[in-house]
Structure formats: structure tokens, C-alpha cells
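Take a look at the structure below.
2 protein chains.
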Amino acid sequence: MEHGLDVGALFLAFAAALVGAKLFGELAERVGQPAVLGELLAGVILGPSVIGLVPLSDAILELAEIGVALLLFEVGLETDLGELAKVGAPALAVALAGMVFPFAGGYGVTLALGHPILTATFVGAALTATSIGITARVLSELKVLATREGQIILGAAVVDDVFGLVVLAIVSKIAGGGRIDAATIVKSGALAIGFLAAALVLGIPLGRRLMGVVERARVRGVLGAMSVAFALFVAWGAKAAESAPIVGAFAAGVALARTNRRHDIDAALKPVVDLFAPVFFVYVGAEVDVRLLNPAVAENRPALVLGLLLAGIGFLGKFAAGFCAWGGVRRAFIGAGMVPRGEVGLIFASVGLTTKALPEPVFVAVLVAVFLTTFVAPPLLKLLRPQPAD
Amino acid sequence: MEHGLDVGALFLAFAAALVGAKLFGELAERVGQPAVLGELLAGVILGPSVIGLVPLSDAILELAEIGVALLLFEVGLETDLGELAKVGAPALAVALAGMVFPFAGGYGVTLALGHPILTATFVGAALTATSIGITARVLSELKVLATREGQIILGAAVVDDVFGLVVLAIVSKIAGGGRIDAATIVKSGALAIGFLAAALVLGIPLGRRLMGVVERARVRGVLGAMSVAFALFVAWGAKAAESAPIVGAFAAGVALARTNRRHDIDAALKPVVDLFAPVFFVYVGAEVDVRLLNPAVAENRPALVLGLLLAGIGFLGKFAAGFCAWGGVRRAFIGAGMVPRGEVGLIFASVGLTTKALPEPVFVAVLVAVFLTTFVAPPLLKLLRPQPAD
Chain A
3 MEHGLDVGAL FLAFAAALVG AKLFGELAER VGQPAVLGEL LAGVILGPSV IGLVPLSDAI
63 LELAEIGVAL LLFEVGLETD LGELAKVGAP ALAVALAGMV FPFAGGYGVT LALGHPILTA
123 TFVGAALTAT SIGITARVLS ELKVLATREG QIILGAAVVD DVFGLVVLAI VSKIAGGGRI
183 DAATIVKSGA LAIGFLAAAL VLGIPLGRRL MGVVERARVR GVLGAMSVAF ALFVAWGAKA
243 AESAPIVGAF AAGVALARTN RRHDIDAALK PVVDLFAPVF FVYVGAEVDV RLLNPAVAEN
303 RPALVLGLLL AGIGFLGKFA AGFCAWGGVR RAFIGAGMVP RGEVGLIFAS VGLTTKALPE
363 PVFVAVLVAV FLTTFVAPPL LKLLRPQPAD
Chain B
3 MEHGLDVGAL FLAFAAALVG AKLFGELAER VGQPAVLGEL LAGVILGPSV IGLVPLSDAI
63 LELAEIGVAL LLFEVGLETD LGELAKVGAP ALAVALAGMV FPFAGGYGVT LALGHPILTA
123 TFVGAALTAT SIGITARVLS ELKVLATREG QIILGAAVVD DVFGLVVLAI VSKIAGGGRI
183 DAATIVKSGA LAIGFLAAAL VLGIPLGRRL MGVVERARVR GVLGAMSVAF ALFVAWGAKA
243 AESAPIVGAF AAGVALARTN RRHDIDAALK PVVDLFAPVF FVYVGAEVDV RLLNPAVAEN
303 RPALVLGLLL AGIGFLGKFA AGFCAWGGVR RAFIGAGMVP RGEVGLIFAS VGLTTKALPE
363 PVFVAVLVAV FLTTFVAPPL LKLLRPQPAD
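Heads up: the protein sequence lines correspond to chains A and B, in order.
This note's numbering puts the first sequence at residues 3 to 392.
This note's numbering puts the second sequence at residues 3 to 392.
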């Protein structure tokens, strides 16, 4: 019964994250930017490298993880599987191009600068990931989730996240000195894709059954609690199948969107997402160590220059991928939607550092690229947005 | 960026807690019992001593702490400070009697059984605490929060929690071999009470100002986020003032109840409380180690017998305290409302064990007493309830 949890510190950091997110989100809106950009900036300021009110602790990470999972569940609830399937082919094309272009660019430049193949592989791989959290949030804010462009971005981001984690499993194994063969790659990929397919195929009838049971309940708050439990359960399964929990949460949302209680679930979910999703964006912002970004410090410069270069490659690679879409859509907007790297890029960088595949300055450069692409995407999306669907 | 948080395990346990809480809550309701009793039982079954799906980890404790804090914030929002002040005198009488009776009984019996004074002090002190979480939840379920009885119980439970933590600070110091003097006791008590008074005196005008600011915001979910941030901030302050975070959260709710947005805040809060408060009750249930309760195991018997005895004392002491209330109220109901021990009793037991003030069997006996009083209170309250206020 003795615990390491400091409730006081948790509550203070949670409160600070909420106030910071809403304050900077409001300021961002007032200067015509998406609120999420303000929330990211609030994180930079509240994080350990500036004020230090929001630590990068497990306790805050927990709130962030719950926040982003429920956000993706909510986005899934607002997604029509039929519409998503219709854009399946262009979404797949965008996703694949969006992995090949940045990987090739990152790999080539790193190699050309004299780094070993392993380092180049990690840098390339880190640039392939798209942050589904950031993208989904901006699309939702701009009310373009239901447009063709929104659906293509969302579909491509999901594919990207699934493949990205397969790539991560592979490069981690290489970095650890392990051998990999085609069978392992196929197995890992098949598991992640198979789980997603199974979650949808089984999730839709299961979700309907669940709603039937919930209907007969008498206690308070059953619909919300059981829906969230469903989402958490599928998210757990996705993790177990070597995919990302947020992809599972999204699939759970898509499944429950096919029930007759879609809007009631959404209503019960919104206040919870409003409370926890900002913690995720603040947390991502807090991971920026501003001390490494000061160009006045000479030691920072090589990493900054490489970071700018990688950010440029990462940006152009993903942006160009948007032009692989077809069907009378605004392709520049799709490209912009693929740009933010966010959490998966950070995981790549972190694994690369711990396995020594990435030397410290290259690690910092990858972080710079991840954050620059993350911060540039919300204003760019706002600038290029198509008309809302309704 | 390397973390100890296992997101998969967290999501699975959270999902299991939600499903268990709603399933057993529903069953409890169907047999005419308060849902919270079902949630506690769900915790016993899901906890480490039976199925083990909900571990007593920091990650689950975090959800539980957020849940109970927001529950008390919600209860505070539904509390009228004027009505609470009107019953101040009887509430104080009930709280004081509810501390003196169980302390005297627990202390006397433990001493009579041959234990040293320090052990007797800890046992007595552990029996003084009232679980404001359990009580508030049952009162809310029975829709009697706004009755005179409900207000007296709530007021007495708050006083009890504040004093209980002062007592805890004192006995911990004694157990640690430290000297305590009257000045320390007075200082500790004055700090806790002073904070509560300050939170209300400053919280009411601050809350109104906050609502004025919130009104002018454009981003989504500002009211809910800022209100919760306010509650978390006051809860953090309460902890810093050596009081309980939940007492702070309650005070924050009472303060915001005096603003014109009371009902809107409540509406934004309910779905969040529905999701997190059950985790608290499941967590409390999960702390029961059923293996220690098996009377067929001979070694368990002394602790079980002492536990039954202490449960009886704890029950009668608190129940009798209810009869110290006045003003044409149903005093048996008030007594029943003071009975559950819950979290603070567990903290006492745990501190007693680690400081070796409580030998293992006495520690188990205290746990038995805490849990028996906690589990008996919901059905008893339902049985004795007055008519709802509206």
C-alpha cells in the first residue's frame, strides 16, 4: 500500500497543463491559428526546459496516453467506414509514397554526410511516421474530417502508423544486432494489419451487441463507461498485436460509429476528450528541450543544421506524397496533413539513441525535424483547407 | 524519453475496472443495493487476491485519485454553502463524537488485549476516519445530498477528514519516535482548517472571476477544463496544507456552486466522473486480500476475531455519533453515513505497519474493520434513508 504516486504533484501539473493549453489555445485562435498549435507551445513553455511546471513523468504521460487514445476513439466515431473504404486506394498510395520519399531522402542525406548505414536507416525510418494525433485534431478543429481530403489523410495516417510500427520493430532488431528475415517482416506486418481488420470485422457486430446490453442497464453512465472500455480493450489488443494503441482506439470508434448510439457516445465522450487530449499536446510540446535549439551555443549548430535539413526532407517528402492522391481533391492539403511527425518519430529517435544507432547530435537533429514538421503542420493545414463538408 | 509506463497494461486494467464496476453495479441495483457496493465487490474480484486483472499499481491509483477528487468536486458543486453552514453546529458535534467514541473503544480494547500503548493509539486513530468518498457517493445515489441529514453527514465527514489527517500527522510522529508538543498539534490543525476557510473565502470571488474570463473564450471545452483545473489546484493546495486533496476538491466545488455556471460545470463534469469515480471504488475493493479472510486457515483466526471486534466498535462508535445530531433529523441515518472508513483508515493502517506500530495480525484486523464498515454502510444507508429533498 506504499506508493510512489505523488498526488499533489500530479494534480498541480494536470491543472497547469489545462490552464496553459486553454490560455495558449485561445491566443492561437485569436491570431488565426489552430488551438492545437497553442497547446503545443504551452507545453514547450510549461515543460522541463523552461518553467518546469509539467514534468515528463509517467503520471503525466498516463493522462496524455489516455487523452490521445480517447481523441482517436472520438475521431473514429465521426468516421464513416464506407466513406473511408471509398478513398482506400488513394489513401494507400499517399501512405506508401509518404513512407518511401522521406525514408529515401533521410537515408541518402545521412549517408552522404558520412554516417554509417545503421544511423542512416534510423534517420530515414524516423522521418516516415505521421502523427495521427496532431493531424486528426487539426482536421477536427477545421471541421474537414468528413471531406474526401480529410478521409484520405486519416486513412493514410492510420496505414502509416501501422506500417511505421512494423518498420520500428525491424530497425530495432537490426540495431540490437539481430538478424531479420523476410518471414519475420511479413509476420509482424500481417499481425498488425490482421488485428486491425479483425477489430473492424468483429468490432461492428460486437459493438451492436454491446449497445443492446447497455440499453437494458439501469445504473448511471453505462453507455459512456462501456464504450470507453470497448475502446481501451481494442487499444490494448492493438498494442498486443505490435500495432499502436491509438490505431486500436480509432478502429473501435469506427466500429461503434455503425451503431445507433453513435451520437450519444460522442456526447458522453466529448467532455472527457476536452479534458485529457490537451494534456497529450502539452506533453508533446514539453518534450522540446529549448536549450538544444539555441543557435548562439556553438555546440548546438551542427545538430541544428542537420535538423533543418532533415525537417526540409521530411516536409517535402510527405508534402509530395499528397500529390499521389487522385479523385479531384486538394492534394496540397493532403500533403500538409501528412507532414506532422509527433509521437512515433520521437519513439524512433529514442530507440535509436538507446541502441546507440543514433549519435547524440543526429538524435537531436531528428528531434528538431520531428518538432519542426509538427509545429508547421497546423498553420499550413489551416491555410490550405478545403471547404467544410457540411 | 524511456518510460516505465506500460500503456497496454494500463488500458486493459482500466477497461476491466469499468466493465466490472458497471456489471456489478447493475447487479447490486437489481437486488436493491446501491451501485457502489457492486463496484467495491467488483474490485475485490478483479483485484490481485482473486483474478488479478486490476493491479494495485501507481497507474490505476492515479485514475482512482483523479476519480475520487472529481467526485468530491461534483458533490461540492451540488452543495449549498448556506445550507451547510446552517447545520454546522450539529455536524461538528457528530464529527467530534465520531472521532472520540471509536478512538476510545479501539484504544481500550487493544490495550485490554495486552498490546502496547503505541499500537492501541494507532488502532484507535485508524477507527476515527470517515470515508467521505463512499458516503458522498451513496448520498448522491439515494438523492439525499440536499436533505438536512445529507448536509450534516457531509459536513461531519469533511471535518472528520480534516481532523483525521491532523491525527495521522501526530501519530506518525509518535511512531517515528519524535516528540510532539501542543504547539505542533495546534499549528498542524490551524493550517488544515485555515486552508479550508481560505479556499472558500478566496475561492468564491476567484471562481466568479474565472467564470467571467471563461465566458469570453472561443476555444472548445474551456468551461470544463478551467473548472477542473481550479478543483485540481485547490486539491493540490489542500495537500500542501497537510489536509486531504479530496477536501480541497470539495471546497472548490462549494466555491464554484456560488457562480452562475454551476449547472453547466456539472454537465461537463458528469461524464468524466462517471468514467473515473468507479475506478476509485474498484481500487478500494481490490485492496481487500481475500486470502487473509478465510476462517478455515487457522493463522487467520486471531486477526479475524480482533477485526470483527474492531469493526463492531468502529460501527457502534460512528453510529452512536449520529445521535449527537439535533434538529428533527433522522439520526440513525446520520450515524450510518459516518460508518464507512475507506481510504483514510487504510492510510492509517499502512503507516502503522511500516512504522512497526502495528504488528501484522493487528494490521490485518484494522483492514478487516475498515472493509467491513465500508461494505456495510451502503445497504444500511439505503435501508435508513429519509425522503429525497426535492
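Glycine included, each C-beta is placed from N, C-alpha and C at the ideal position.
query                                                                                                                                                                  : result
Looking at chain A, which residues of the segment 216-230 of chain B have a Cβ within less than 7 Å of any of its Cβ atoms?                                            : ALA219, ARG220, VAL221, ARG222, GLY223, VAL224, GLY226, ALA227, MET228, VAL230
Thinking C-beta only, is VAL216 (chain A) closer than 7 Å to VAL224 (chain A)?                                                                                         : yes
Express the C-alpha separation of ALA66 (chain B) and VAL56 (chain B) in angstroms, rounding to a whole number.                                                        : 12 Å
Using C-beta distances below 7 Å, list every residue in its chain close to GLY90 (chain B), excluding the 5 sequence neighbours before and after it, in chain order.   : GLY157
Is ARG384 (chain B) helix, strand or coil when you go by DSSP?                                                                                                         : For the sequence presented, residue 384 (chain B) should be read as Lys rather than Arg. Helix, per DSSP.
Say whether chain A places a C-beta atom closer than 7 Å to the C-beta of GLY309 (chain B).                                                                            : no
Using only the alpha-carbon positions, how far apart do LYS410 (chain A) and ALA227 (chain B) sit?                                                                     : It is not possible to answer for residue 410 (chain A), since the shown part of chain A is limited to 3 through 392.
Looking at the structure shown, is GLY287 (chain B) part of a helix, part of a strand, or coil, going by DSSP?                                                         : helix
For the segment 66-94 of chain B, which residues have a beta carbon sitting closer than 9 Å to at least one beta carbon of chain A?                                    : GLU67, ILE68, ALA71
In the segment 42-64 of chain B, which residues sit with their C-beta less than 7 Å from some C-beta in chain A, listed in chain order?                                : ASP60, ALA61, LEU63, GLU64
Taking 7 Å as the threshold (beta carbon to beta carbon), is VAL274 (chain B) in contact with chain A?                                                                 : yes
Closer than 6 Å by C-beta to GLY319 (chain B): which residues in its own chain qualify, once you throw out the five before and the five after it? Chain order, please. : PHE103, PRO104, GLY107
Output the distance between the C-alpha atoms of ARG420 (chain B) and VAL21 (chain B), rounded to the nearest integer angstrom.                                        : Since the displayed chain B opens at 3 and closes at 392, residue 420 (chain B) lies outside it and no answer follows.
So, with DSSP's three-state summary, where would you put ASP266 (chain B)?                                                                                             : helix
When you compare each of A:VAL203, A:GLU244, A:VAL256 to SER229 (chain A) by their alpha carbons, which one comes out closest?                                         : A:VAL256
Applying a beta-carbon distance threshold of less than 9 Å, which residues of chain B neighbour GLY395 (chain A)?                                                      : The structure shown does not extend to residue 395 (chain A), since chain A spans only 3 to 392, so no value can be given for it.
Go ahead and pull the three-state DSSP assignment for GLU80 (chain B).                                                                                                 : coil
For GLU31 (chain B), go through chain A and note every residue whose CB falls closer than 7 Å to its CB, in chain order.                                               : ARG220, VAL221
For a contact meaning CB atoms closer than 9 Å, what does PRO247 (chain B) contact in chain A?                                                                         : VAL9, GLY10, PHE13
To test your reading of the DSSP string, which unbroken alpha helix (DSSP H) runs of 4 or more residues are found completely within the segment 120-149 of chain A?    : 134-143
If you count every other CB in all the chains shown that lies within 10 Å of the CB of TRP238 (chain B), and 16 or more means buried, which is it?                     : buried
Does the beta carbon of TRP238 (chain B) come closer than 7 Å to any beta carbon on chain A?                                                                           : yes
Kindly indicate if chain A contains any beta-carbon less than 7 Å away from that of LYS241 (chain B).                                                                  : yes
Please report how far the alpha carbon of LEU277 (chain A) lies from the alpha carbon of GLY152 (chain A), in whole angstroms.                                         : 24 Å
Short check: CB of GLY6 (chain A) to CB of ASP60 (chain B), under 7 Å?                                                                                                 : yes
Cβ of ALA71 (chain B) within 7 Å of Cβ of ILE248 (chain B)?                                                                                                            : yes
Report yes or no: is there a C-beta of chain B within less than 7 Å of the C-beta of MET3 (chain A)?                                                                   : Reliability of the predicted coordinates at MET3 (chain A) is poor, the pLDDT of 38 falling under 50, and the value obtained from them is presented with this limitation in mind. It does: the Cβ of MET3 (chain A) has a partner Cβ on chain B nearer than 7 Å.
Assuming VAL274 (chain B) and VAL274 (chain A) form a contact by the criterion Cβ under 8 Å, report the distance between their Cβ atoms to the nearest whole angstrom. : 5 Å
Less than 7 Å between C-beta atoms, sequence neighbours within five positions excluded: which residues of the same chain meet that for LEU50 (chain A)?                : At residue 50 (chain A) the sequence reads Pro, which differs from the Leu that was named. The answer, listed in chain order, is PRO57, LEU58, ALA288.
On the three-pair Cβ rule with 8 Å, is the segment 347-365 of chain B touching the segment 126-133 of chain B?                                                         : yes
Locate the alpha helix (DSSP H) running through PHE103 (chain A), then write down its first and last residues.                                                         : 90-114
Answer with buried or exposed for GLU301 (chain B), where buried requires no fewer than 16 other C-beta atoms within 10 angstroms of its C-beta.                       : exposed
DSSP state of TRP238 (chain A), grouped into three classes?                                                                                                            : helix
Where ALA11 (chain B) and LYS241 (chain A) are concerned, what is the direct C-alpha to C-alpha distance, given to the nearest angstrom?                               : 10 Å
To the nearest angstrom, how far is it from the Cα of VAL96 (chain A) to the Cα of THR376 (chain A)?                                                                   : 18 Å
Counting only Cβ pairs nearer than 8 Å, list the residues of chain B close to GLU28 (chain A).                                                                         : ALA219, ARG220, VAL221, VAL224
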